[in-house]
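Undergrad:
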Amino acid sequence: MTSERFRTAIICAVQFVDVMGVTVVVAALPRMLADVDAPAAYAGLLVPAYAVGFGGLLLLTARLGDLYASRRVLLAGLAVFAAGSLLCAVAESPVLLVAGRLLQGVGAAGSVPNALVLLVRPASQRERGRVLSAWNATGGLAGASGLLVGGLVTSALGWRVIFWSGLVAVAVLAVAIVYVVVPDKPAVSRPLNLPSISLQILAVGALVGAANAATGSWRLAVLLLVVAAVAVPPLVIRERRTAEPLIPRGLRQRSGVAAGVVGSFGITATTSSLVVLTTLYFQDSRGLDAAHAGLLILPFSFAVVIGAAVAGRLLRLITPGTALLIALTMIGGSAVLAAVHPGLGIVLVALAASGLGNGIGAVAAYALGTAVAPDEQAPAAGLLNTAAQLGTAIMVAVGISIAGATGDPLNYRAGWITVAATAVLIAAGVLCGGRGGHGRRPVQYWRVRTAPQRGLHDTLGTRTEPNRCPSN
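Its first residue numbered 1, the sequence shown is counted upward by one per residue in my numbering.
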């Protein structure tokens with residue numbers, strides 16, 4: 001393995017550990033709660049605690065990477081993740097478990113966007129597709145594998161081994177990063193916009209918390225939605241008026257970034273909820289245990305890797321916008337197939353097809369969203385990862401709420417149809433997000449690239465040209 005490929009593998013491993021942290025405890029929840037004498041209500045806190053820390057702080061930690069250097073913030077994030085893993089591993093009370101999960105999420109927020117910046121920033125235009133394919137294949141594989149690994153490790157060795165293993169993994173990664181990744185320099189010297197950061201953390205954290213609380217307490221969910229709604233207007237006003245917005249104005253005006261963010265949300269929202277729904281379907285309606293249900297998710301995991309590998313070559317032929325729409329069509333069609341024919345074999349085929357869509361779509365979304373100037377890489381990475389985490393947190397909770405706890409196959413069919421409808425809505429959002437403003441429009445998504453050498457924005461399907469169409 002060449003030094004550059006080893007560097008890519010190490011950085012992608014950060015994504016693997018952090019993304020797996022979202023789902024790895026799902027199968028272990030019953031054993032964890034029993035061992036620490038926790039009420040059943042804590043089951044609705046352990047997964048959301050991680051999601052709130054992760055999704056709520058991504059924009060802040062991306063900004064910190066701009067100010068203090070991405071490698072430095074990445075290493076700090078790994079240290080916080082290790083502290084959270086240690087706290088979970090030794091916890092004897094449910095409060096400590098929740099606190100540890102929250103710390104893990106904060107650490108993941110510090111490491112993931114800055115790892116992406118370190119991966120993409122030095123890559124040439126030719127290398128960008130390859131490294132993004134590796135990055136997204138790793139993330140997709142980690143999310144699905146967490147369900148399997150958590151069940152197997154808990155059954156064989158106990159749930160605490162999950163957290164001890166996470167502690168060892170991040171320690172090894174930190175040492176490898178110190179020796180393999182060249183230190184970078186701060187990209188900007190502007191001060192932090194603390195009011196915007198505080199409002200953003202409050203809004204995103206409340207929204208993620210509301211989505212997950214809806215499965216247990218509708219009153220808490222409504223309260224958190226109100227908090228999010230109250231935080232958004234002053235955040236928007238502040239971002240428009242301040243000289244140092246949290247999201248650079250130039251970034252907000254890039255149609256490719258908008259489409260990439262919408263696509264990143266949609267790919268994780270649809271596939272994460274589809275995988276969780278299918279895992280529960282295997283257990284509730286098919287009578288499988290957690291370990292066997294996790295094994296049946298492997299076609300999805302393998303398909304994600306294949307899809308990401310294919311995407312690198314596919315983007316040489318078509319624009320990422322086109323690839324993203326194809327991916328959403330594959331995912332939506334897979335969900336419809338599972339809903340119409342919920343037999344075991346058909347559902348496995350649907351899982352594999354959605355995995356291919358995940359691999360292709362995630363690479364395409366990140367290609368759209370990271371086609372920016374070097375000093376915009378960190379906030380772009382923060383936006384993309386925030387969208388991805390929001391997609392997972394919100395739609396998994398919605399899917400579980402629809403499926404319910406009755407084991408009725410009709411409920412799962414309704415959940416799969418919801419996934420398909422979401423894919424359609426996201427595809428429409430991608431098309432709308434890709435339309436430029438200020439009298440300019442992007443080249444059509446369906447335009448196929450035939451020339452091998454194009455400029456960066458044309459390669460990514462985001463080059464703009466004057467809008468010669470008359471105004472309506």
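For glycine and all other residues, C-beta sits at the position ideal for the given N, C-alpha and C.
Being a predicted model, the structure only gives us computed values, none of them experimental.
By the three-class DSSP mapping on this structure, what secondary structure does residue 10 have?
TA: Residue 10: helix per DSSP, three-state reduction.
Undergrad: Just the C-alpha distance for residue 202 and residue 231, rounded to the nearest angstrom, thanks.
TA: Approximately 7 Å between the Cα atoms of the pair.
Undergrad: Could you give the distance in angstroms between the alpha-carbon of residue 221 and the alpha-carbon of residue 414?
TA: Each residue's alpha carbon lies about 22 Å from the other.
Undergrad: Under the assumption that residue 19 contacts residue 143 (Cβ atoms under 8 Å), give the Cβ distance between them as a whole number of angstroms.
TA: Correct: roughly 5 Å between the Cβ atoms.
Undergrad: Within a Cβ cutoff of 6 Å, which residues of the same chain sit near residue 114, ignoring the five residues on either side of it in sequence?
TA: Cβ within range, chain order: 65, 70, 73 and 74.
Undergrad: Should residue 356 be labelled buried (16 or more other beta-carbon atoms within 10 Å of its own) or exposed?
TA: Buried.
Undergrad: So for residue 402, helix, strand or coil by DSSP?
TA: Correct three-state label for residue 402: helix.
Undergrad: Can you tell me whether residue 278 is buried or exposed, with buried defined as 16 or more other CB within 10 angstroms of its CB?
TA: The residue is buried, with at least 16 neighbouring Cβ atoms inside 10 Å.
Undergrad: Would you verify that the beta carbon of residue 306 is, or is not, closer than 8 Å to some beta carbon of chain B?
TA: Absent here is chain B; the protein component of the structure consists of one chain.
Undergrad: Assuming residue 26 contacts residue 149 (C-beta within less than 8 Å), just tell me the rounded distance between them.
TA: The pair is not a contact, with the Cβ atoms about 11 Å apart (cut-off 8 Å).
Undergrad: Enumerate in chain order the residues of its own chain whose CB-to-CB distance from residue 7 is below 7 Å, with the five nearest sequence positions on each side excluded.
TA: Excluding sequence neighbours, residue 7 sits near 180 and 181.
Undergrad: According to DSSP, simplified to helix, strand and coil, what is residue 19?
TA: In the structure shown, residue 19 sits in a helix (DSSP, three-state: H, G or I).
Undergrad: Please check the pair residue 297 and residue 351, which I expect to be a contact at CB under 8 Å, by giving their CB distance rounded to whole angstroms.
TA: At roughly 7 Å, the Cβ-Cβ gap stays under 8 Å, so residue 297 and residue 351 are in contact.
Undergrad: The alpha helix (DSSP H) that contains residue 123, what's its start and end?
TA: Per DSSP, residue 123 belongs to no alpha helix (DSSP H) and is neither H nor E.
Undergrad: Quick one: measure Cβ to Cβ for residue 354 and residue 331, integer angstroms, because I've assumed they're closer than 8 Å.
TA: With a Cβ gap of about 5 Å, residue 354 and residue 331 count as contacting.
Undergrad: With distances taken from CA atoms, which of 240, 52, 91 and 76 is nearest residue 38?
TA: Of the candidates 240, 52, 91 and 76, the one whose C-alpha sits nearest the C-alpha of residue 38 is 91.
Undergrad: Can you tell me the Cα-Cα spacing of residue 416 and residue 243, whole angstroms?
TA: If I take the Cα positions, the gap works out to 45 Å.
Undergrad: What are the boundary residues of the alpha helix (DSSP H) that residue 343 is part of?
TA: From DSSP, residue 343 is part of no alpha helix (DSSP H); its letter is neither H nor E.
Undergrad: Here's the rule: buried if 16 or more other CB atoms are within 10 angstroms of the residue's CB, otherwise exposed. What is residue 239?
TA: That one is buried.
Undergrad: Please name the residue, chosen from 412, 423, 390 and 398, that lies closest to residue 59 on a Cα-to-Cα basis.
TA: Selected option, being the one with the closest Cα: 390.
Undergrad: Relative to the C-alpha of residue 169, which residue among 11, 392, 282 and 429 is closest?
TA: Cα-wise, what sits closest to residue 169 is 11.
Undergrad: Starting from residue 218 and walking both ways along the alpha helix (DSSP H), at which residues does that stretch end?
TA: Unbroken alpha helix (DSSP H) run through residue 218: 218 to 241.
Undergrad: Below 8 Å, how does it come out for the stretch 90 to 110 and the stretch 368 to 377: are there three or more Cβ pairs, yes or no?
TA: Too few Cβ pairs lie closer than 8 Å, so no.
Undergrad: On the premise that residue 362 lies in contact with residue 139, defined as a C-beta separation below 8 Å, what is that separation, rounded to the nearest angstrom?
TA: Between residue 362 and residue 139 the Cβ distance is about 7 Å, and since that is below 8 Å, they are a contact.
Undergrad: What residue range does the alpha helix (DSSP H) around residue 177 cover?
TA: Residue 177 -> alpha helix (DSSP H) spans 160 to 180.
Undergrad: Figure out for me which residue from 30, 196 and 421 has the closest Cα to the Cα of residue 335.
TA: The shortest C-alpha separation from residue 335 is found at 421.
Undergrad: By Cβ distance below 6 Å, which residues in the same chain neighbour residue 427 in space, the five residues on each side in sequence not counted?
TA: Counting only Cβ-Cβ distances below 6 Å, and skipping sequence neighbours, we find 325 and 328.
Undergrad: Span of the alpha helix (DSSP H) holding residue 31?
TA: Unbroken alpha helix (DSSP H) run through residue 31: 29 to 35.
Undergrad: Quick check on residue 371: does DSSP put it in helix, strand or coil?
TA: Residue 371: coil per DSSP, three-state reduction.
Undergrad: So does the stretch 285 to 292 actually touch the stretch 392 to 399, counting three or more Cβ pairs closer than 8 Å?
TA: No, because fewer than three Cβ pairs between the stretch 285 to 292 and the stretch 392 to 399 fall closer than 8 Å, the two stretches do not touch.
Undergrad: Below 8 Å on the Cβ atoms is my contact criterion, and I expect residue 251 with residue 380 to pass it. Report the Cβ-Cβ distance as a whole number of Å.
TA: Going by Cβ atoms, the distance from residue 251 to residue 380 rounds to 6 Å, so yes, they are a contact pair.
Undergrad: Would you mind working out which of 9, 256 and 211 sits nearest residue 136, comparing C-alpha positions?
TA: It is 9 whose Cα lies nearest to the Cα of residue 136.
Undergrad: I'd like to confirm something about residue 38: is its beta-carbon nearer than 7 Å to some heavy atom of the ligand ZN, or not?
TA: Absence of the ligand ZN is noted for the structure shown, with no ligands found whatsoever.
Undergrad: Which word fits residue 157, buried or exposed, when buried means at least 16 other C-beta atoms lie within 10 angstroms of its C-beta?
TA: Exposed.
Undergrad: Mind checking whether residue 109 and residue 77 have CB atoms under 8 Å apart?
TA: For residue 109 and residue 77, yes; Cβs fall inside 8 Å.
Undergrad: Pull up the CB-CB distance for residue 364 and residue 320, whole angstroms please, since I reckon it's below 8 Å.
TA: Going by Cβ atoms, the distance from residue 364 to residue 320 rounds to 4 Å, so yes, they are a contact pair.
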